[in-house]
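What follows is a single structure, written as structure tokens, with notes after it.
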Amino acid sequence: MTLVLSSETQMVRDTALEFFRERSPVIELRKLRDSNDPDGFSRALWRTMAELGWTGFLVSEEHGGTGFGVSGLAQVMEAAGRSLTASPLLSTALLGASLIDMAGTSEQKDNHLPALVAGDRIFALALEETSRHAPTRIATTATATASGYTLNGQKCFVLDGHIADVLIVVARTSGGRDDRQGISLFLVPGDAAGVSRTRTIMVDSRNAALVKLDNVQVGKDSVLGPVGQGADILETVLDRARACLAAEMLGSAAEAFERTVQYLKDRKQFGVAIGSFQALKHRAAQMFCEVEVTRSAVIAACSALDDNANDAAALSSLAKAKASDTLYLCGNEGVQMHGGIGMTDEHEIGFFMKRARVAQATFGDATFHRDRYAALLGY
Amino acid sequence: MTDLATFRAQTRAWLEDNCPPAMRTRMPEEEQVAGGLRAEYVRPEQKIWLDRMAEKGWTAPTWPKKYGGGGLGNDEAMILEEEMQDLGCRTPLRGMGLSMLGPVLLEYGTEEQRQTHIPKIVKGEIRWCQGYSEPSAGSDLASLSTRAVLQGEHFLVNGHKIWTSNAHLSDWIFCLVRTDPTVKKHDGISFLLIDMVDPGVRPRPIKLISGKSVFCETFFENVQVPASHLVGQLNKGWTIAKRLLEHERKGIGGIGNRQAAKFELPPEAVAKAYAGEDNGRIAEPALRDSIAKYSMDAHAFQLTRRRAAEEAEAGTPPGPMSAMFKYYATELNKTRYEMLLAAEGFQGLGWEGDGFTDDEIRITREWLRSKANTIEGGTSEVQLNIIAKRVLALPD
Chain V
1283 MTLVLSSETQ MVRDTALEFF RERSPVIELR KLRDSNDPDG FSRALWRTMA ELGWTGFLVS
1343 EEHGGTGFGV SGLAQVMEAA GRSLTASPLL STALLGASLI DMAGTSEQKD NHLPALVAGD
1403 RIFALALEET SRHAPTRIAT TATATASGYT LNGQKCFVLD GHIADVLIVV ARTSGGRDDR
1463 QGISLFLVPG DAAGVSRTRT IMVDSRNAAL VKLDNVQVGK DSVLGPVGQG ADILETVLDR
1523 ARACLAAEML GSAAEAFERT VQYLKDRKQF GVAIGSFQAL KHRAAQMFCE VEVTRSAVIA
1583 ACSALDDNAN DAAALSSLAK AKASDTLYLC GNEGVQMHGG IGMTDEHEIG FFMKRARVAQ
1643 ATFGDATFHR DRYAALLGY
Chain X
905 MTDLATFRAQ TRAWLEDNCP PAMRTRMPEE EQVAGGLRAE YVRPEQKIWL DRMAEKGWTA
965 PTWPKKYGGG GLGNDEAMIL EEEMQDLGCR TPLRGMGLSM LGPVLLEYGT EEQRQTHIPK
1025 IVKGEIRWCQ GYSEPSAGSD LASLSTRAVL QGEHFLVNGH KIWTSNAHLS DWIFCLVRTD
1085 PTVKKHDGIS FLLIDMVDPG VRPRPIKLIS GKSVFCETFF ENVQVPASHL VGQLNKGWTI
1145 AKRLLEHERK GIGGIGNRQA AKFELPPEAV AKAYAGEDNG RIAEPALRDS IAKYSMDAHA
1205 FQLTRRRAAE EAEAGTPPGP MSAMFKYYAT ELNKTRYEML LAAEGFQGLG WEGDGFTDDE
1265 IRITREWLRS KANTIEGGTS EVQLNIIAKR VLALPD
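Taken in order, these protein sequences are the chains called V and X. Just add 1282 to wherever you are in the first sequence, counting from 1, and you've got the working numbering. Just add 904 to wherever you are in the second sequence, counting from 1, and you've got the working numbering.
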């Protein structure tokens, strides 16, 4: 594990920071929200991101990927987090690409990966079923038929679910509610008969959907990875998602923090900049510490995942827990320190706090990851 | 093998041959070696280990060889530290000469001052203490009023220092003194080295909440100090004072990286022992969650220290991160002791006598000692002010 970015990763970082700053400032998210954009993200922007190669970072070279790995994608996501950019990076470039590249048959890879890398196909992981992240709490059933499987169940909080061309559905082929055994993954066309999708309007103005599966018929060739053994591959890929989402959250936290520090310098009350008040200085300094500590955890987790290190799972939980706490802190302190203007929709700082709440809950909040970290470390 | 790999192998072999087994055990506080003219050794191995390490200059691994130091590069020194930790070797010598004064003399001292003092610090022959705080100058250190008046070849020193760690066991004291009371407070301070053998220097131990007396107050009454014991220029002592504080904070910021860590149970193991287990988990869910939160913060902080070291190694100029180390490390260390006491329950509440093991009493006393971590060397509040000013550029 190394905690210093390689020169290649540093180049990705510089490119991504400039790209999102120029092409996708926070106002773009506001426009998507206010225009009730049916996609909830910019397809033009997504195509450019694909042209830059970001969709292929987790795809092997034979299928058009560039192999910059988790550490590379984390840089892109951190930069996207700074401008709260809505895009299918997580659902498609990370989850879709990783699951298919790691578990897919050569036909599945040939079918999906080039289109994914080109930015032409959007994926969504249909996992959650309850009120919070629970990757093995699966009640959706996949019943074997002569030609394949019949899927029945209900999924919630499916990121990019309403616009996905392909759903990756987590369903149970055997076992009881919390069993790791018996979980299988299925590639299901978003418009398959029996699939009904309802877009949910979220507090962070980003994309999610409810997905209902009503006797959805899929062929045997739609199974992704070994039948009944989906929990293992899912866990590995979820750790990638947690680490990269933590990177995105780090970017959002750093941005909210820096904007707030600037406001403390600009805003005058009692004839002085409010940043001269110790009550605010100390809290700003504490945020600085938390952002830096979170950055270390994120870099370590991504590096460990790229190395397939033994502690990659614990480090992913560490990164997601720290990022959740830190973005919560910076989002809330950001609004509080901006005072009245921070409560207005016109000001952008509120967007960060709203995004914080959703990102915290995605793939396990801090409590979930403290529990997991402790279990992984044997207590 | 690369040069560093060879160095690692040779270092390990040397440590295995030369570190007495008794010096690879947990080091109780009373067995910490601080050296000095009045040094007392509980066991002979302490002195043997000190002398062997001092001979190689490895009590001060990165200091120049010409003053008795080890002459190692930062990367080699890190390897030495890692191998010592791995073998559980005790730090052979600790003290304010090594952690604070030495680096400052190397930077600001005259050649004569370096030749006189540094080899004795490396060998542990002279024990130093710090004369900084005064009863009316704590966080506002620069308002100090201990006076030094230059009279011909000597300074005449009068005043009252406090929180002079182990002054009653020390031989020399480095002091901040006021040499010009007529100018702005930062501009009239000088840095003096004072031999405590002078009868006008009187240290008096202060009993602390832990029951121990590691700190003193020290009185100076008409103490004559040769003018050649001034470090740097007259009235320019504040720059040196701040530099020394950086070294002090770095030392305190390294807390938790101690040799003892190898021999001490982490809070989660203590919690399992006292609160019981449920399927391999700490039986009390709320306690388990608190301990996990602490451990994860400690883990992320340890990664941050490592990242800073790797960045320094890669030649990146030291980032703003280092400003947070003292603050974060000491807050974490206090939390660590809170977790240990919470894990022990009633058994963490003993002061002395029957009903408690030595370790339980020790942890309780250390819990009280840890409260000073966020006060000494600049309070947490002062550290946050420094971050706000230097890193965030927030206005005064």
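Glycine is no exception: its CB is placed at the ideal position from the N, C-alpha and C atoms.
Asked: Cβ pair count under 8 Å reaching 3, the region 1399-1409 of chain V against the region 1284-1300 of chain V; Found: no
Asked: Test item: CB-CB of residue 1006 of chain X and residue 1022 of chain X under 7 Å; Found: yes
Asked: Residue of X/1136, X/1228, X/1244 minimising C-alpha distance to residue 1015 of chain X; Found: X/1136
Asked: Environment of residue 1255 of chain X [buried if 16+ CB atoms lie within 10 Å]; Found: exposed
Asked: Burial state of residue 1442 of chain V, where buried means 16 or more other Cβ atoms lie within 10 Å; Found: buried
Asked: Residue 1352 of chain V to residue 1297 of chain X span [Cα, whole Å]; Found: 34 Å
Asked: 7 Å Cβ cutoff, residue 1288 of chain X in contact with chain V; Found: yes
Asked: Residue 1069 of chain X, enclosing beta strand (DSSP E) - first and last residue; Found: 1058-1069
Asked: Beta carbon proximity, residue 1646 of chain V to chain X, threshold 7 Å; Found: no
Asked: Nearest neighbour of residue 1144 of chain X, chosen from X/982, X/974, X/1080 [CA to CA]; Found: X/1080
Asked: Integer Cβ distance of residue 1212 of chain X from residue 1600 of chain V, believed to fall under 8 Å; Found: Not really, about 18 Å apart at Cβ, beyond 8 Å.
Asked: Residue 1469 of chain V CB to nearest heavy atom of the ligand NAD below 6 Å; Found: Questions concerning the ligand NAD fall outside what the structure shown contains, since it holds no ligand whatsoever.
Asked: Reference residue 1033 of chain X, options X/1039, X/1002, X/1232, closest by Cα; Found: X/1002
Asked: Short-range partners of chain V found in the region 1051-1067 of chain X, where Cβ spacing is below 8 Å; Found: none
Asked: CB contact check: residue 1171 of chain X to chain V, cutoff 7 Å; Found: no
Asked: Euclidean distance between Cα positions of residue 1235 of chain X and residue 1277 of chain X; Found: 8 Å
Asked: Proximal chain V residues relative to residue 1279 of chain X, where beta-carbon distance stays under 7 Å; Found: The contacting residues do not exist; residue 1279 of chain X stays about 16 Å from chain V at best.
Asked: Backbone CA spacing between residue 1606 of chain V and residue 1528 of chain V [nearest angstrom]; Found: 7 Å
Asked: Three-state secondary structure assigned by DSSP to residue 1558 of chain V; Found: helix
Asked: Residues of the region 1519-1553 of chain V with Cβ closer than 9 Å to any Cβ of chain X, in chain order; Found: 1543, 1546, 1547
Asked: Residue-level contact to chain V via CB, residue 1234 of chain X, 7 Å cutoff; Found: no
Asked: Cβ contact check for the region 1163-1183 of chain X and the region 1614-1628 of chain V: 3 or more pairs under 8 Å; Found: no
Asked: Beta-carbon neighbours of residue 1197 of chain X, restricted to chain V and to distances below 9 Å; Found: 1603, 1607, 1648, 1652
Asked: Nearest-angstrom beta carbon gap, residue 979 of chain X and residue 1285 of chain X [assumed within contact, 8 Å]; Found: In fact, because the Cβ distance is near 35 Å, the residues do not count as touching under 8 Å.
Asked: Whether residue 1469 of chain V touches residue 1506 of chain V by CB criterion (7 Å); Found: yes
Asked: Simplified DSSP assignment, three categories, for residue 1661 of chain V; Found: coil
Asked: Counted within 10 angstroms of its Cβ, other Cβ atoms place residue 1264 of chain X as buried (16 or more) or exposed; Found: buried
Asked: Cβ contact (3+ pairs, closer than 8 Å) linking the region 1543-1562 of chain V and the region 1178-1186 of chain X; Found: no
Asked: Chain V contact for residue 998 of chain X (CB, 7 Å cutoff); Found: no
Asked: Member of V/1538, V/1421, V/1387, V/1376 whose CA lies at the smallest distance from the CA of residue 1399 of chain V; Found: V/1376
Asked: Under 7 Å (Cβ pairs) to chain X, residues found in the region 1283-1294 of chain V; Found: 1284, 1285, 1286
Asked: Short CB-CB distance (under 7 Å) between residue 1500 of chain V and chain X; Found: no
Asked: Meets three-Cβ-pair contact criterion under 8 Å: the region 1382-1396 of chain V and the region 1350-1367 of chain V; Found: no
Asked: C-beta contact flag for residue 1363 of chain V and residue 1530 of chain V at 7 Å; Found: yes
Asked: Unbroken stretches of the alpha helix (DSSP H), 4 residues or longer, contained in the region 1359-1438 of chain V; Found: 1379-1385, 1388-1399
Asked: Runs of alpha helix (DSSP H) lying entirely within the region 956-1007 of chain X, each at least 4 residues, in chain order; Found: 978-991
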